[in-house]
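Below is one structure; the comments refer to it alone.
There are 2 protein chains.
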Amino acid sequence: MPERKGQYTVTLSSRPTILGYAAVVGKREGEGPLGRYFDMIFEDTTLGEKTWEKAESALQREAFTRAMNKAGMSPSQLNYLFAGDLLNQSIASTFGMREYGVPMLGQFGACSTMAQTLALSAIFVDSGAADLCCAVTSSHFCSAERQFRFPLEYGGQRPQTAQWTATASGAAVVGMGGSGVKIAAATIGRITDLGITDANNMGAAMAPAAADTLATFFQDTATKPDDYDLIITGDLAAVGSDLLRQLSERKGYPLGANYTDCGLLIYDRNKQDVHAGGSGCGCSAAVLCSYLLGKMEQGELKSVLFIGTGALMSPTSSQQGESIPGIAHLVHLVAGGA
Amino acid sequence: MPERKGQYTVTLSSRPTILGYAAVVGKREGEGPLGRYFDMIFEDTTLGEKTWEKAESALQREAFTRAMNKAGMSPSQLNYLFAGDLLNQSIASTFGMREYGVPMLGQFGACSTMAQTLALSAIFVDSGAADLCCAVTSSHFCSAERQFRFPLEYGGQRPQTAQWTATASGAAVVGMGGSGVKIAAATIGRITDLGITDANNMGAAMAPAAADTLATFFQDTATKPDDYDLIITGDLAAVGSDLLRQLSERKGYPLGANYTDCGLLIYDRNKQDVHAGGSGCGCSAAVLCSYLLGKMEQGELKSVLFIGTGALMSPTSSQQGESIPGIAHLVHLVAGGA
């Protein structure tokens, strides 16, 4: 049964389990430090499809079917699917998940979408509204560049604060029982907007939201950063994660060596030309659904805060001079035996 | 407590209440048959804003603040907000709701979004995950035309099967207790795609999804169309609602005189040049949050099935030759004394 702690945090007394998970990525992500943890690396990032958008849908299908297989479940056993992506009208999810005949609740939280879909899946299972849910998100460098920035052929230069949208998808199947990683709590974030207008510095736009959600969670649960083996945001990258450290310290919750960011883990910034680091719905999804859940299953990490961070802007809002609102949703994960 | 009936339907044993609701619309909607039911009619559909997108955000703020006031609640009392719209990256909702500091879960179900946000609000309240939620959606003719079709200045001709995107927003505040309309159950829909590719005939693309969700609900609850005072889709309009009647009959659930569609109610098709009828996230939201909930509060309707229907396409998917997947989510509403 979900139980409210404070106003914005829910603890889940039955602790729903991640029964299966999978992450699939593109070539560049496969060449990064986490390469060996992914279920599949596509050297051809078209995945044999005619457009980048269709390639992103194919990525979602790959992550979804692999996660379902690893959970030993078929799509017909699912009650609800929570899916989302960065594309206009969430078409990567719609066309990716169209063929499975599963009830779908489309989610939009920009790059926070993996945390959002996972939180909703867990709340549904814990409440009895569902026995089995799946959370899936994706992003693709080429579909995101075309939509949010410039056509690839234009060869636009990117400032060092810019993040690199990961070509990646992650999926997690949530149900009851089993020895997998459990979902203990979730905090849903508020929109936070400090007036950042630079679409090439989204880490700075999202950091205040992450700081707000983290402080809310610590207050609601009467805990502190040191109580967790790992606190991982996704994706603030270099600029945003430095800023989060400053903001959290100012709120009385200094983050120590147990803090990192999915956008910093997925690429080697010294060897790979990704500027500030990774971003995109698929980045935090792929890091969660490979390396992170793997480390938890192996007992190397027992209690983890996973905070998805999203920049809720569009090219239209930026063109109209709007600042970039940020949002961050938190999920508290605990190892099966913890 | 949510309890599953069949695989895709949830009954809500505590029957969460719609504590307050409001609908605000543009000039054309105000001139339609439901004009006197709306909380506010904006003769100037810019609402004094500089862009159509900002005007749509302002519409959401108007519906949201009026619904909260009517519920006697302030935004600081809300636990979660479920909001969505048709614009790229849901910016009408993001920028509309930015200032209230309420945790937000962005939803995308195209024109089914009002049913989706209402279902999620009710499930959260019934499960104990929240005490107070708000569901809000919007659409604006001018922002939708610019994004999905042609610039207004182009003056493109529309075929008779085309629907008219309503300039409207509706909001419903969901909590426990009180004498308001109750939410008894919800069925989450599956993506249904019969291969319609005509973006000017979205009613036909959505009707199969509505037929599927309705049949699922009737099966899961062992009820039939005659058991309800009103079955209302939003928004299939003229073409789609005729098709739904045929499809439902074929599935063994013929719809009688107790069936109608929000897109048929909001305009007078004989006097207003709207072709097949209304559409847009805001159409069903505004009809629900004015006329429909009003009739239920007055006891004229006791048991109503409200089915939001969405066309999950984007201009990009249409340009790439994709068909239009449909989805439909159902909410079962009962009058306070029922």
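Protein chains in written order, with my numbering: chain P, 1 to 338; chain W, 1 to 338.
Ideal Cβ placement from N, Cα and C applies to all residues, glycine included.
Note that the structure is predicted; figures quoted are calculated from it, not measured.
query: Within-8 Å CB hit, residue 196(P) to chain W; result: no
query: Cross-chain neighbours of residue 193(W) in chain P, by beta carbon under 7 Å; result: 98
query: Beta carbon proximity, residue 330(W) to chain P, threshold 8 Å; result: no
query: Boundaries of the beta strand (DSSP E) in which residue 124(W) is found, first to last residue; result: Unbroken run through residue 124(W) is the alpha helix (DSSP H), 113-127; no beta strand (DSSP E).
query: Nearest residue (CA-CA) to residue 260(W), options 124(W), 279(W), 233(W), 134(W); result: 233(W)
query: Proximity test, Cβ basis, 8 Å: residue 141(P) and chain W; result: no
query: Beta carbon proximity, residue 128(W) to chain P, threshold 8 Å; result: yes
query: Inside the segment 54-90 of chain P only - beta strand (DSSP E) runs reaching at least 3 residues; result: 80-85
query: Length of the line joining the Cα atoms of residue 187(W) and residue 219(P); result: 36 Å
query: Beta carbon of residue 170(W) nearer than 8 Å to that of residue 286(W); result: yes
query: Any C-beta of chain P under 8 Å from that of residue 312(W); result: yes
query: Short CB-CB distance (under 8 Å) between residue 293(P) and chain W; result: no
query: Closer than 8 Å to chain P by CB, residue 23(W); result: no
query: Distance between residue 217(P) and residue 6(P) (C-alpha atoms, nearest Å); result: 9 Å
query: Under 8 Å (Cβ pairs) to chain P, residues found in the segment 71-94 of chain W; result: 79, 80, 84, 86, 87, 88, 89, 90, 91, 94
query: Minimum length 4: unbroken alpha helix (DSSP H) runs contained in the segment 243-321 of chain W; result: 262-265, 281-287, 293-297, 315-319
query: Residues that residue 327(W) contacts on chain P, provided the C-beta gap is smaller than 9 Å; result: 94, 103, 104, 106
query: Nearest-angstrom Cβ-Cβ length linking residue 103(P) and residue 84(W), presumed shorter than 8 Å; result: With 8 Å as the limit, residue 103(P) and residue 84(W) do not qualify as a contact, their Cβ atoms being about 17 Å apart.
query: Where the beta strand (DSSP E) containing residue 42(W) begins and where it ends; result: 40-42
query: Alpha-carbon to alpha-carbon, residue 180(W) and residue 131(W); result: 16 Å
query: Assumed close pair residue 334(P), residue 284(P) - CB separation to whole angstroms, cut-off 8 Å; result: At roughly 19 Å, the Cβ-Cβ gap does not stay under 8 Å, so residue 334(P) and residue 284(P) are not in contact.
query: Coil, strand or helix - residue 224(W) by DSSP; result: coil
query: Proximity of residue 280(W) and residue 139(W) at Cβ, strictly below 8 Å; result: yes
query: Cβ of residue 110(W) within 8 Å of any chain P Cβ; result: yes
query: CB of residue 109(P) within 8 Å of CB of residue 67(P), strictly; result: no
query: Residue 88(P) versus residue 325(W) - alpha carbon distance; result: 15 Å
query: Straight-line Cα distance separating residue 115(P) from residue 235(W); result: 31 Å
query: Selected residue, minimal CA-CA separation from residue 25(W), among 123(W), 168(W), 136(W), 44(W); result: 168(W)
query: Residue from 174(W), 312(W), 22(W) with nearest C-alpha to residue 195(W); result: 312(W)
query: Residue-level contact to chain P via CB, residue 123(W), 8 Å cutoff; result: yes
query: Interface partners of residue 3(P) on chain W, CB under 7 Å; result: 128
query: Other residues of its chain near residue 91(P): CB distance less than 7 Å, five sequence neighbours each side excluded; result: 53
query: Positions along the segment 173-189 of chain W whose CB lies within less than 7 Å of some CB in chain P; result: 188, 189
query: Cutoff 6 Å; reference residue 290(W); Cβ partners in own chain excluding five residues on either side; result: 23, 37, 38
query: Closer than 8 Å to chain W by CB, residue 241(P); result: no
query: Pairwise C-alpha distance: residue 17(W) and residue 297(W); result: 12 Å
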